[in-house]
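Colleague: One structure, pasted below without further comment.
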Amino acid sequence: MKIIGSVKEDLATEKRISITPETVKKFVELNFSVILENKYGEHLGINDEEYKNKGATLYGSVKEVLEKSQIILKVNCPSNDEINLIKDKSILIGQFDPLSDKEILNKLIKKNINIFSLNLLPRITRAQSMDVLSSQANLAGYRAVIESVGEFGKAVPMMMTAAGTITPAKVLVIGAGVAGLQAIATAKRLGAV
């Protein structure tokens with residue numbers, strides 16, 4: 009049985025996690041063993057019991073998790089300390105930038121660690137379930153409009169009252185990619201033109 013492991017990200021820069029209780033259940037059904045660092049999802053309101061109930065085993069230290077894992081899931085590149093703990097010939101799956109993470113990736117390659125960067129996957133239909141870029145771009149488009157409306161400080165939708173009519177806000181979205189389309193949809197749902 010292969011062991012999939014994941015440790016907490018640096019919460020100062022990254023709030024996302026690689027494994028949810030739902031994915032633990034799926035991995036266990038596929039005959040994988042899942043090990044996580046204690047309090048893995050606590051910052052997102054997911055307690056350790058939820059992971060245990062789905063079949064994960066939790067360990068108290070990063071060292072234990074990384075030394076026992078054959079497949080490691082991370083959102084971002086591991087730190088230098090984490091690299092030293094990862095077994096040679098392990099598999100590392102996450103989001104890595106070959107330009108800004110070059111030094112770290114070279115260290116991983118020297119340890120014969122197989123690296124799979126999900127942000128470099130081709131964006132095709134077959135790979136949609138592994139697309140990490142579209143989901144984040146979608147959220148960015150949504151959040152951009154919400155933040156803008158907060159800064160705008162006025163009513164966004166058209167409002168008709170006995171005292172008169174307030175015209176709807178006009179929103180300009182530059183770009184019609186994943187983020188842009190979500191921004192347009194969010195602005196429209198808020199009542200903007």
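Each residue of the sequence shown is one higher than the one before, starting from 9 at the first, in our numbering. Heads up, the beta-carbon is just placed ideally off N, CA and C, and yes, glycines get one too.
1. Look up Leu81 in the DSSP assignment and give the residues it is bridged to.
2. Is it the case that the stretch 162 to 179 contacts the stretch 135 to 145, given that we only count it when at least three CB pairs across the two stretches are under 8 angstroms?
3. Tell me, please, whether the stretch 180 to 194 touches the stretch 150 to 157 by the rule of three or more beta-carbon pairs shorter than 8 angstroms.
4. At which residue ranges does the stretch 106 to 180 contain complete alpha helix (DSSP H) runs of 4 or more residues, listed in the order of the chain?
5. State yes or no: is the C-beta of Leu93 within less than 8 angstroms of the C-beta of Ser26?
6. Where does Gln136 land, buried or exposed, given buried means 16+ other C-beta within 10 angstroms?
7. Between the C-alpha atoms of Arg134 and Leu66, what's the straight-line distance to the nearest angstrom?
8. If you drop the 5 nearest sequence neighbours on each side, which residues of the same chain put their C-beta closer than 6 angstroms to that of Leu129?
9. Is it buried or exposed for Ala20, if we count other Cβ within 10 angstroms and need 16 for buried?
Modeller: Based on what the coordinates show:
1. Sequence index remark: in the sequence shown, residue 81 carries index 73 (1-based). Bridge partners of Leu81: Ile101.
2. no
3. yes
4. Listed in chain order, they are 110 to 118, 141 to 160.
5. Against the sequence shown, residue 93 aligns to sequence position 85. Against the sequence shown, residue 26 aligns to sequence position 18. No, the pair does not count as a contact, with Cβ atoms beyond the cut-off.
6. Start at 1 with the first residue of the sequence shown, and residue 136 comes out as number 128. An exposed status is given to Gln136, since fewer than 16 other beta-carbon atoms sit within 10 Å of its beta-carbon.
7. In the sequence shown, residue 134 corresponds to position 126, counting from 1. In the sequence shown, residue 66 corresponds to position 58, counting from 1. Cα to Cα, Arg134 sits roughly 33 angstroms from Leu66.
8. In the sequence shown, counting from the first residue as 1, residue 129 sits at position 121. Cβ neighbours of Leu129 beyond the five flanking positions: Ala135, Met138.
9. Position 12 of the sequence shown, counting from 1, holds the residue named residue 20. Under this definition Ala20 is an exposed residue.
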